[in-house]
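Asks:
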Amino acid sequence: MSLPTRRQILRATAAAGLALPLWGLRGGNSSRAASGTARRAIFFYFPDGVAGPSQDGEPSEWHCSGSENSFELSSLLAPLGALKSECLFLNGLTMGATDSGSHPGGAKKLLTAVDGGNGPSIDQALAQTAGKDAPFRHLYLGAMAAQNSPSGDKFISYPSPGQTQAPEDDPRAAFAALFGAGGMGGGMVDSAKQRVLETAIADAEALRSSLGDVERAKLDLHLGSLHELEKRLQGPMGGGGASCDAPTIDTSGFGDGQLYDSARFPAILRAQTDLMVLAMACGLTRVGVIQGSQHTSELVMSRFEGTEMFTPDFDMRSHQASHYGPNHDLGKPEYAAYVKHRRWWVEQFAYLLQQLKDRPDPEGGGSMLDTSIVLLCSEVCDGNTHLHDNMPFVLAGRAGGALSPGRLLTFEGRRHADLLLTIAHAMGQGWASFGEQSSGPLPGVLG
Amino acid sequence: MSDAVRRRADPGALLLIAALAACRGDGRAGEAGEAGGTDSSSGSGSDGGSDTQGEPGGCDGVDLGQRQLRLLTRREYDNTIRDLFVLPPGAGCEGDACAGAAAACALAFELPAGGQTWGTVHVAGSFNAWAPTVAAGGWALAFDEGADVWRGEFSFDPGTYQYKFVIDGANWLPDPGNPEGAPDGFGGENSVIEHTCPPGQAGEFRPSSLLPVESRPEGFAFDNNAAAGLVTAVHADGYLRAAERVTEVALANRDGWLPCAPGDALDVCADAFIGQFGRRAFRRPLAADERARYVALVTGEGDLTTGLRIALQAMLISPNFLYRREVGGVDGTLGGDEIASALAYTLWGTMPDAALFTAADEGALASPAGVEAEARRLLADPRAHAAIGAFAIQWLGVEPILTADKSVAMFPGVNVALRRSMLEETRRFVTHVMLEDGRPGELFAADYSFLDPTLAEFYGVAASADESATAPLPPNRAGLLGHASVLGTYAHSDQSSPIRRGLFVRRNLLCQELGPPPPNAGGVPEVDPNATTRERFRQHSDDDFCRACHQYIDELGFGFERFDALGRYREQENGMPVEPGGDMNDLEGLGLGTHAPYTDLRGLGAQLAAAESPRACLSRQFFRYSRGQHEVSADRCAVDALTAKLGETDDVREMIVAALTSPGFLRRK
Numbered sequence: 112m113s114l115p116t117r118r119q120i121l122r123a124t125a126a127a128g129l130a131l132p133l134w135g136l137r138g139g140n141s142s143r144a145a146s147g148t149a150r151r152a153i154f155f156y157f158p159d160g161v162a163g164p165s166q167d168g169e170p171s172e173w174h175c176s177g178s179e180n181s182f183e184l185s186s187l188l189a190p191l192g193a194l195k196s197e198c199l200f201l202n203g204l205t206m207g208a209t210d211s212g213s214h215p216g217g218a219k220k221l222l223t224a225v226d227g228g229n230g231p232s233i234d235q236a237l238a239q240t241a242g243k244d245a246p247f248r249h250l251y252l253g254a255m256a257a258q259n260s261p262s263g264d265k266f267i268s269y270p271s272p273g274q275t276q277a278p279e280d281d282p283r284a285a286f287a288a289l290f291g292a293g294g295m296g297g298g299m300v301d302s303a304k305q306r307v308l309e310t311a312i313a314d315a316e317a318l319r320s321s322l323g324d325v326e327r328a329k330l331d332l333h334l335g336s337l338h339e340l341e342k343r344l345q346g347p348m349g350g351g352g353a354s355c356d357a358p359t360i361d362t363s364g365f366g367d368g369q370l371y372d373s374a375r376f377p378a379i380l381r382a383q384t385d386l387m388v389l390a391m392a393c394g395l396t397r398v399g400v401i402q403g404s405q406h407t408s409e410l411v412m413s414r415f416e417g418t419e420m421f422t423p424d425f426d427m428r429s430h431q432a433s434h435y436g437p438n439h440d441l442g443k444p445e446y447a448a449y450v451k452h453r454r455w456w457v458e459q460f461a462y463l464l465q466q467l468k469d470r471p472d473p474e475g476g477g478s479m480l481d482t483s484i485v486l487l488c489s490e491v492c493d494g495n496t497h498l499h500d501n502m503p504f505v506l507a508g509r510a511g512g513a514l515s516p517g518r519l520l521t522f523e524g525r526r527h528a529d530l531l532l533t534i535a536h537a538m539g540q541g542w543a544s545f546g547e548q549s550s551g552p553l554p555g556v557l558g
Numbered sequence: 211m212s213d214a215v216r217r218r219a220d221p222g223a224l225l226l227i228a229a230l231a232a233c234r235g236d237g238r239a240g241e242a243g244e245a246g247g248t249d250s251s252s253g254s255g256s257d258g259g260s261d262t263q264g265e266p267g268g269c270d271g272v273d274l275g276q277r278q279l280r281l282l283t284r285r286e287y288d289n290t291i292r293d294l295f296v297l298p299p300g301a302g303c304e305g306d307a308c309a310g311a312a313a314a315c316a317l318a319f320e321l322p323a324g325g326q327t328w329g330t331v332h333v334a335g336s337f338n339a340w341a342p343t344v345a346a347g348g349w350a351l352a353f354d355e356g357a358d359v360w361r362g363e364f365s366f367d368p369g370t371y372q373y374k375f376v377i378d379g380a381n382w383l384p385d386p387g388n389p390e391g392a393p394d395g396f397g398g399e400n401s402v403i404e405h406t407c408p409p410g411q412a413g414e415f416r417p418s419s420l421l422p423v424e425s426r427p428e429g430f431a432f433d434n435n436a437a438a439g440l441v442t443a444v445h446a447d448g449y450l451r452a453a454e455r456v457t458e459v460a461l462a463n464r465d466g467w468l469p470c471a472p473g474d475a476l477d478v479c480a481d482a483f484i485g486q487f488g489r490r491a492f493r494r495p496l497a498a499d500e501r502a503r504y505v506a507l508v509t510g511e512g513d514l515t516t517g518l519r520i521a522l523q524a525m526l527i528s529p530n531f532l533y534r535r536e537v538g539g540v541d542g543t544l545g546g547d548e549i550a551s552a553l554a555y556t557l558w559g560t561m562p563d564a565a566l567f568t569a570a571d572e573g574a575l576a577s578p579a580g581v582e583a584e585a586r587r588l589l590a591d592p593r594a595h596a597a598i599g600a601f602a603i604q605w606l607g608v609e610p611i612l613t614a615d616k617s618v619a620m621f622p623g624v625n626v627a628l629r630r631s632m633l634e635e636t637r638r639f640v641t642h643v644m645l646e647d648g649r650p651g652e653l654f655a656a657d658y659s660f661l662d663p664t665l666a667e668f669y670g671v672a673a674s675a676d677e678s679a680t681a682p683l684p685p686n687r688a689g690l691l692g693h694a695s696v697l698g699t700y701a702h703s704d705q706s707s708p709i710r711r712g713l714f715v716r717r718n719l720l721c722q723e724l725g726p727p728p729p730n731a732g733g734v735p736e737v738d739p740n741a742t743t744r745e746r747f748r749q750h751s752d753d754d755f756c757r758a759c760h761q762y763i764d765e766l767g768f769g770f771e772r773f774d775a776l777g778r779y780r781e782q783e784n785g786m787p788v789e790p791g792g793d794m795n796d797l798e799g800l801g802l803g804t805h806a807p808y809t810d811l812r813g814l815g816a817q818l819a820a821a822e823s824p825r826a827c828l829s830r831q832f833f834r835y836s837r838g839q840h841e842v843s844a845d846r847c848a849v850d851a852l853t854a855k856l857g858e859t860d861d862v863r864e865m866i867v868a869a870l871t872s873p874g875f876l877r878r879k
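Just so you know, the sequences run in chain order V and D.
Just so we're on the same page, our numbering is the position in the first sequence counted from 1, plus 111.
Just so we're on the same page, our numbering is the position in the second sequence counted from 1, plus 210.
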């Protein structure tokens, strides 16, 4: 063999073994995980819904049945078996009737809880509040989320009403931003850099005051971004004690030009998931979104080597499989594939949870999962009917003691705005409402 | 179809009217599902991309555009850096900041036989869809008896791949000569290879690779939507890193931008540099206090290079560099500097040149006639090709051909080079028609194109002797509808898609918005090896409920059926003849009840070439591109004026000039 490869491990620019200072401990009250507050929130998105109630009226293959404390995992959620006691299963939540039946309509409402995405999303709102003292207020990682130069409705994070942001789809670039120069690895006080940034801030403020009301929101966002960067460049302050040793991620499974190759998707998503956990373990951010693919996904999941989906001679795409027909017929190739696809996504979510569970929270209080709140979500319920009722949400983590998982709760017809509000409360943000038609946190979720 | 939907469908006519309203994306959420309302950037929600024609009201009001700051797109950022620093070709082109990644190259595989007698050896992996035999598209190794080794050399795109050797079509072995492996999912190991290739031709410096991709509002084809151009924290981070990278490249190449002689005093040099470079970087003269602040940055370190480094980085992340202003004075009239930038970025995709700056300084852009003169100069310059090429690629939405998944088993020859050739054909052809020919009908009817040898072979014709000259197309293709970039983008990985192709024509070429399918619409008909695609989609026309919308989609998309998922010509599918004719119902507007039959794709193109609606749509798309926003109802007259100009002159260039000299372009509210 002429060109054997070496396993590709990305390392921080700091020398291996050097203990990088932990960022998280320097913040104010909002970042303190006093008892009953989550230190971090993660949103894990997958596309094209689940095998929910079928068109012909068969029951959902996703939702669990039973009572609050005595229930069986559904077949699609079976990969969460070992983590059942870490998850809170939610039935009955609705995103409302507007655009029900539409993938983009659902993606717009999913994290904003506002029709048409005309509001900031919960992750961005938390980034400005609970996450504001972290070096990175927000971390938005994608795996093939921007495939095929998509329109912005494929992205689920809304920094301002009606406007999405694209996630970083390249784990190597994300790693460099987090751990390279300018990220934590470069976190030394640099007076020259400070002057550069001060000048940019002064220019932005002068521009804002000269324009009056014109483009005020745009420049406010711009200034907030510069201030975040400025704070990060000033480096870690105070505290410390814990450390974040030589961060690495494995990028062996994909190379240049393969970020949008379906066969690489599992490796890319795995690297992004590892990176999210790593960034949070190092205290770099408290609010993260992992977006797997995009709604109406062209991801050829039949090319995932080493999985039960692998059929190299036939292409089965996520969205194609989701249109499985009027009933849950495993004899139909679309439905048979769809079920495998959904289970695979749940496995990826389980991996994320396990990673969090296996790491002690460097700030104390148990494992990282014990001190986090994590949401699994998609933009529609059933992939064939596309309805926005009985949405497939799963919460996980103990939110620093605020959340008692291992239960099944049903909120028939309750708006999912209140789920997002509940997550905000778990993060210490006692808002009265979030999004549209919010009536208060979901009862019985937070202790 | 569900009983519920069926029941709703039974009342017939009434429901079909409702369904048609949904098809047209009329802007209200109907019972059957979502309709229109696609533009979140306008804030009005009133246009949804649907027809603005036919609304009551005259065109006497004043057309005023929006006051806005427009963040440079990634494309504009790269071009601006190149021109601002007058960098030598290839300077700075390293690693991830370099365009023109390496294309496919050959890799040798070998497997020692160790004295064993084998009939065949293939190499199968993620580079060839794990095809174990030549018949399945696999790669066979040849036996070198003297060396007792099986060998083969194959060309494929760089990347990381898994593979195994296949002995006699049945036994799968990892490569004994490669220590790197990964679990194969069957309890064994695949070999893993990182295949690298040398860089191709000299690349271009692309510092924008450090910036996030643009988020385009739904239904807005272009990368320059003003409302979506926001500086999030990720952007700020990227701008700083890009500025650091650019600054180092610039400091190593000072001739094009530093107006100082070696012996100049630091303060003299700083003052000259900020005065001249600052005017170009901010695309306007600096105010006195700004100038003093930046001069102090240069002189503050006591060392020219250090001072320049700080000042350059500061300028490159300043909002005065990153946004171009379309704000105007008290009455909203854009100033000369704002107009100079608007013209340059719209027509060249980069900053103004010296002549444009001079025109702004001398007040030549204060009159529409002066603006028109500059617009015509820019349009006639070869530099217009880059920006109009970007307009074309984005309007047609064909950039995904570079990355769209294609079945490796079905298309073993597909690689980066072929994909680039496909995109390049469309870029060059549309740019040629828009800038050199001018007649919009040529877009759909031309019997020529621009074919490099790779694409000529793919189409089965001779390449042009001179690559800059036009080449005749084979008789089954005409205009951009027959471009492989279009056919391959609007398809799936392994099948054509009458729906995507039909929607492409409706949305991109006719500006007719159709709403999404209703809930329970069911899926794309299953793949059937005993039927043609057209037969599989028959339900869409047999069922009245489906037909209400699909008469506008499939009936048009069927015209492309003689081209497969990669744009290869075919006369048969699954052994059955492919019927290429159909009817473009309601070509001039949904709901008119008119017919436009065609016999094949060329005929379909001829219909488009002769129709009004594609011209109106091209004008509308250019309006969106030039204003950085979706048109709203108040823009109807402005758009109609462009369409009228195009109709009157039959020249795209005249429509472009009209767009850039229109009252709403020059004055904002």
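Think of the CB as a built atom: it goes at the ideal place given N, C-alpha and C, for glycine as much as any other residue.
1) Identify every run of the alpha helix (DSSP H) within the stretch 699-749 of chain D, keeping only runs that are complete inside it and at least 4 residues long; order them along the chain.
2) Please report the distance separating the alpha-carbon of residue 240 of chain D from that of residue 763 of chain D.
3) Report all residues from its chain with a CB closer than 7 Å to the CB of residue 188 of chain V; omit the five preceding and five following residues, and keep chain order.
4) When you compare the CB of residue 316 of chain D with every CB in chain V, is at least one pair closer than 8 Å?
5) Give me the Cα-Cα distance between residue 429 of chain D and residue 721 of chain D, rounded to the nearest whole angstrom.
6) DSSP has residue 681 of chain D in a bridge; who is on the other side?
7) Could you tell me whether any Cβ in chain V is nearer than 8 Å to the Cβ of residue 710 of chain D?
8) Mind checking whether the beta-carbon of residue 536 of chain V lies closer than 7 Å to any heavy atom of the ligand GTP?
9) Let's see if you can read the secondary structure: which residues bound the alpha helix (DSSP H) around residue 215 of chain V?
10) Can you tell me whether residue 120 of chain V is buried or exposed? The criterion is at least 16 other CB atoms within 10 Å of its CB, across all chains shown.
11) Determine, using beta carbons only, whether residue 477 of chain D comes closer than 8 Å to chain V.
12) Is it true that the CB of residue 633 of chain D sits closer than 8 Å to the CB of residue 606 of chain D?
13) So what does DSSP say about residue 238 of chain V, is it helix, strand or coil?
14) What are the residues that DSSP puts in a beta bridge with residue 202 of chain V?
15) Would you mind giving the Cβ-Cβ distance between residue 413 of chain D and residue 308 of chain D, rounded to the nearest angstrom? I have them listed as a contact below 8 Å.
16) Determine the extent of the beta strand (DSSP E) in which residue 319 of chain D is found, giving its start and end residues.
17) Output yes if chain D places a C-beta closer than 8 Å to the C-beta of residue 298 of chain V; else output no.
18) Which partner residues of residue 526 of chain V appear in the DSSP bridge assignment?
19) Check for me: the alpha helix (DSSP H) holding residue 478 of chain D runs from which residue to which?
20) Report the three-state DSSP secondary structure of residue 399 of chain D (helix, strand or coil).
21) Please report the straight-line C-alpha distance between residue 453 of chain D and residue 293 of chain D, rounded to a whole angstrom.
22) Could you list the residues in the stretch 510-534 of chain D with a C-beta less than 7 Å from some C-beta on chain V, going in chain order?
23) Can you name, in chain order, every residue of its own chain whose Cβ lies under 7 Å from the Cβ of residue 219 of chain V, other than the five neighbours on each side?
24) What would DSSP say about residue 522 of chain D, mapped onto helix, strand or coil?
25) Mind pulling the chain V residues with CB within less than 9 Å of residue 840 of chain D?
26) Under 9 Å, CB to CB, which of the residues in the stretch 693-706 of chain D have a partner in chain V?
27) Spatial neighbours of residue 332 of chain V within its chain, please: C-beta separation below 8 Å, excluding the five flanking residues on both sides.
28) The beta strand (DSSP E) with residue 393 of chain D in it runs from where to where?
29) Measure the alpha-carbon distance for residue 252 of chain D versus residue 362 of chain D and round it to whole angstroms.
Replies: Inspection of the coordinates gives the following:
1) The qualifying runs are 708-714 and 743-746.
2) Only weak support exists for where residue 240 of chain D lies, its pLDDT of 30 falling under 50; the coordinates are left without a value.
3) 173, 175 and 457
4) no
5) 10 Å
6) D:659
7) no
8) The ligand GTP is absent from the structure shown, which contains no ligands of any kind.
9) 214-221
10) exposed
11) no
12) no
13) helix
14) V:521
15) 4 Å
16) If you look at residue 319 of chain D, you'll find it in the beta strand (DSSP E) that goes 315-322.
17) No answer about residue 298 of chain V holds up, because its pLDDT of 38 lies below 50 and its placement is not dependable.
18) V:205
19) 476-491
20) Here residue 399 of chain D sits in strand by DSSP.
21) 15 Å
22) Cβ contacts with chain V: 520, 523, 524, 527, 528, 529 and 530.
23) 227, 228 and 264
24) helix
25) Per Cβ cutoff of 9 Å: no residues; residue 840 of chain D is ~12 Å from chain V at best.
26) Residues of the stretch 693-706 of chain D whose Cβ lies closer than 9 Å to any Cβ of chain V, in chain order: 699, 702, 703, 704 and 705.
27) 270 and 271
28) Counting along the chain, the beta strand (DSSP E) containing residue 393 of chain D begins and ends at 391-393.
29) Since pLDDT at residue 252 of chain D reaches only 34, below the 50 mark, its modelled position is unreliable, and no value is offered.
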